[in-house]
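Visitor: First residue of the sequence shown: 131, per the working numbering; consecutive thereafter.
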Amino acid sequence: MWDRFLRACRREPVDRTPVWFMRQAGRYMPEYRALRERYGILEIIKTPELAVEVTRQPLRAFDLDAAIIFADILPLLEGMGLRLEFAYGEGPVIHNPVRGAEDIDALADPPIEESVGYTLDAIRLMRAEIDGRTPLIGFSGAPFTLASYAIEGGASRNFTRTKGLMLEQPAAWHRLMSKLADRVGRYVAAQAHAGAQAVQLFDSWVGTLSPDDYRTFALPYTRHAIGLAAETGVPVIHFATDTGGMLEDFASVGGDVVGLDWRMDLDRGWERVGERFAVQGNLDPVALLAPWEILRTRADAVLVRAGGRRGHIFNLGHGILPGTPVDNVKRLAEYVHLATATAVAVHPDGSSN
Ligand code: CP3
131 MWDRFLRACR
141 REPVDRTPVW
151 FMRQAGRYMP
161 EYRALRERYG
171 ILEIIKTPEL
181 AVEVTRQPLR
191 AFDLDAAIIF
201 ADILPLLEGM
211 GLRLEFAYGE
221 GPVIHNPVRG
231 AEDIDALADP
241 PIEESVGYTL
251 DAIRLMRAEI
261 DGRTPLIGFS
271 GAPFTLASYA
281 IEGGASRNFT
291 RTKGLMLEQP
301 AAWHRLMSKL
311 ADRVGRYVAA
321 QAHAGAQAVQ
331 LFDSWVGTLS
341 PDDYRTFALP
351 YTRHAIGLAA
361 ETGVPVIHFA
371 TDTGGMLEDF
381 ASVGGDVVGL
391 DWRMDLDRGW
401 ERVGERFAVQ
411 GNLDPVALLA
421 PWEILRTRAD
431 AVLVRAGGRR
441 GHIFNLGHGI
451 LPGTPVDNVK
461 RLAEYVHLAT
471 ATAVAVHPDG
481 SSN
């Protein structure tokens with residue numbers, strides 16, 4: 131069943147639990163590292179043939195039910211006038227971060243096709259190649275997570291500058307978030323039009339907000355972006371980490387699939403978001419570093435909590451970590467399929483039910 135991932139997004143019955151992994155392409159794979167010796171990450175992302183090649187790498191190596199286009203959440207900010215750089219093995223750097231109202235008013239808003247057209251081209255190429263065999267996922271950062279990079283200028287532990295702007299200059303914050311929400315929404319819609327069969331919004335760092343601040347300063351903007359994505363008709367996956375304190379609000383934003391991290395029980399999380407959602411997750415990525423027997427018990431624990439319910443998509447609670455043994459990823463994908471295969475009885479006459 132080539133489309134079990136898409137069926138699960140819509141909570142339709144499937145023959146096995148679909149499985150894919152956030153950050154399934156990347157440094158833990160030797161073939162990715164080999165390519166990275168010759169090209170920078172932005173070079174790969176901006177060259178559709180290379181982006182497609184990296185998108186393919188995990189599909190060749192593992193039994194996966196979805197491809198995710200190789201890109202990153204940050205190049206979308208370049209078109210707005212921010213200067214982005216990735217140093218190998220280090221976090222991203224934005225050389226001219228947004229620090230106040232003037233910076234926000236100066237942000238550009240070029241057409242999506244003009245600023246990140248290379249990712250749309252990569253989607254078109256990849257879709258043509260795997261059409262009818264593996265569904266293709268597009269993605270974007272959600273407005274809050276993008277704002278945090280734009281303001282901090284890189285990774286952050288406490289998000290002091292981001293929250294500082296939010297609390298002290300709320301009007302400027304809301305202007306920034308409106309701009310981002312609209313760009314994010316148009317970007318994922320453009321990806322769907324280019325051929326992405328589902329889109330995921332990564333709001334990786336939004337769990338740093340208090341529930342009140344989430345509702346006031348982030349939720350309306352993600353809702354706007356998801357609304358634009360949903361108009362295309364493709365399933366929308368809404369993922370973040372650390373959402374335990376605000377899960378009901380998080381789910382109220384919309385979309386079809388809620389991505390849960392490992393800090394909560396999958397069944398209890400599912401009860402809180404409600405049966406109308408499919409749920410993606412939620413194995414601790416660190417479990418993939420453990421010996422197979424230990425990893426298998428953790429995978430079983432996720433599957434037991436999913437309880438064979440319609441709409442479970444097996445994934446990690448966050449991206450695959452560098453240093454993850456490739457063989458564990460391979461065995462895990464196979465194992466999820468094996469462990470969830472619907473029992474089919476074969477009768478003596480060779481027919482099955
Ligand atoms: O899942 C996939 O296979 C698609 C590829 C993908 C990348 N980035 C490629 C990448 C995806 C889905 C992302 C999303 C992304 N990027 C997020 C959201 C998901 C998450 O993990 O929370 C975030 C926060 C970023 C920003 C980003 N990009 C950071 C913080 C870093 C550096 C840290 C790191 O993991 O290396 C990147 C670089 C990056 N993006 C790499 C890859 C494969 C590794 C860098 C390299 O090759 O040098």
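Positions of the beta carbon are idealized from the N, C-alpha and C atoms, including for glycine.
From Thr-371 to His-448, what distance separates their C-alpha atoms?
Guide: As a first step, residue 371 must be located in the sequence shown, where it is residue number 241. As a first step, residue 448 must be located in the sequence shown, where it is residue number 318. Thr-371 and His-448: Cα-Cα distance of roughly 7 Å.
Visitor: Kindly indicate which three-state DSSP category Val-329 falls into: helix, strand or coil?
Guide: Residue mapping note: residue 329 aligns to position 199 of the sequence shown, counting from 1. In this structure, Val-329 counts as strand in the three-state DSSP scheme.
Visitor: So what's Glu-215 in DSSP terms, helix, strand or just coil?
Guide: Along the sequence shown, read from residue 1 onward, the residue named residue 215 stands at position 85. Looking at Glu-215 - three-state DSSP - the assignment turns out to be strand.
Visitor: Go through the stretch 334-387 residue by residue and report every complete run of the beta strand (DSSP E) that reaches 3 residues or more, in order.
Guide: Entirely contained in the stretch 334-387, the beta strand (DSSP E) runs reaching 3 residues are, in chain order, 366-369.
Visitor: Does DSSP classify His-448 as helix, strand or coil?
Guide: Position 318 of the sequence shown, counting from 1, holds the residue named residue 448. Coil at His-448, not helix or strand.
Visitor: Nearest chain C C-beta to Glu-179 closer than 8 Å, yes or no?
Guide: In summary, chain C is missing from the structure at hand, where a single protein chain is found.
Visitor: Counting pairs of Cβ atoms below 8 Å between the stretch 146-161 and the stretch 183-202, do you hit three or more?
Guide: Segments in contact, yes.
Visitor: Ile-443 and Phe-135 look like a contact to me (Cβ under 8 Å); what is the Cβ gap, rounded to whole Å?
Guide: As a working mapping, residue 443 is identified with position 313 in the sequence shown. As a working mapping, residue 135 is identified with position 5 in the sequence shown. Right, the Cβ-Cβ distance comes to about 6 Å (below 8 Å), so this counts as a contact.
Visitor: Please report how far the alpha carbon of Ala-359 lies from the alpha carbon of Val-456, in whole angstroms.
Guide: Indexing the sequence shown from 1 puts residue 359 at position 229. Indexing the sequence shown from 1 puts residue 456 at position 326. The alpha-carbon atoms of Ala-359 and Val-456 are separated by roughly 33 Å.
Visitor: Between the stretch 160-170 and the stretch 391-401, can you find at least three pairs of beta-carbon atoms closer than 8 Å?
Guide: Too few Cβ pairs lie closer than 8 Å, so no.
Visitor: For Asn-412, write down the residues that DSSP places opposite it in a beta bridge.
Guide: On the sequence shown, residue 412 is found 282 positions in, with the first residue counted as 1. In DSSP, Asn-412 forms a bridge with Asn-445.
Visitor: With a threshold of 7 Å on Cβ separation, who are the neighbours of Ala-277 within its own chain once the five nearest residues in sequence on each side are excluded?
Guide: Locating residue 277 in the sequence shown gives position 147, where the first residue counts as 1. Counting only Cβ-Cβ distances below 7 Å, and skipping sequence neighbours, we find Thr-292, Leu-306, Met-307 and Leu-310.
Visitor: Could you name the residues that DSSP lists as bridge partners for Ser-270?
Guide: The residue labelled residue 270 in the question sits at position 140 within the sequence shown. Paired residues: Leu-331.
Visitor: Can you tell which of Tyr-279, Leu-212 and Glu-208 has its C-alpha closest to the C-alpha of Gly-221?
Guide: Locating residue 221 in the sequence shown gives position 91, counting from the first residue. Taking only the C-alpha atoms, the option nearest Gly-221 is Tyr-279.
Visitor: Report all residues from its chain with a CB closer than 7 Å to the CB of Gly-268; omit the five preceding and five following residues, and keep chain order.
Guide: Position 138 of the sequence shown, counting from 1, holds the residue named residue 268. Cβ neighbours of Gly-268 beyond the five flanking positions: Ile-199, Ile-253, Val-318, Gln-321, Ala-322, Ala-326 and Val-329.
Visitor: Suppose you measure from the CA of Asp-470 to the CA of Val-432; what does that come to, to the nearest Å?
Guide: Within the sequence shown, residue 470 is the residue found at index 340, counting from 1. Within the sequence shown, residue 432 is the residue found at index 302, counting from 1. Residue identity check: residue 470 is Thr in the sequence provided, not Asp. One C-alpha to the other measures close to 12 Å.
Visitor: Take the Cβ of Asp-331 as the centre, count every other Cβ of all protein chains shown within 10 Å, and call the residue buried at 16 or more, exposed below.
Guide: As a position in the sequence shown, residue 331 is number 201, starting the count at 1. The amino acid at residue 331 is misidentified as Asp; the sequence shows Leu. That one is buried.
Visitor: Going along the chain, which residues of its own chain have a beta-carbon closer than 6 Å to the beta-carbon of Glu-142, five neighbours each way excluded?
Guide: Within the sequence shown, the letter at position 12 stands for residue 142. Taken in chain order, the list of residues that qualify is empty.
Visitor: Which residues mark the beginning and the end of the beta strand (DSSP E) in which Pro-160 is found?
Guide: Position 30 of the sequence shown, counted from the start, is the residue given in the question as residue 160. Per DSSP, Pro-160 belongs to no beta strand (DSSP E); it is in the alpha helix (DSSP H), 160-168.
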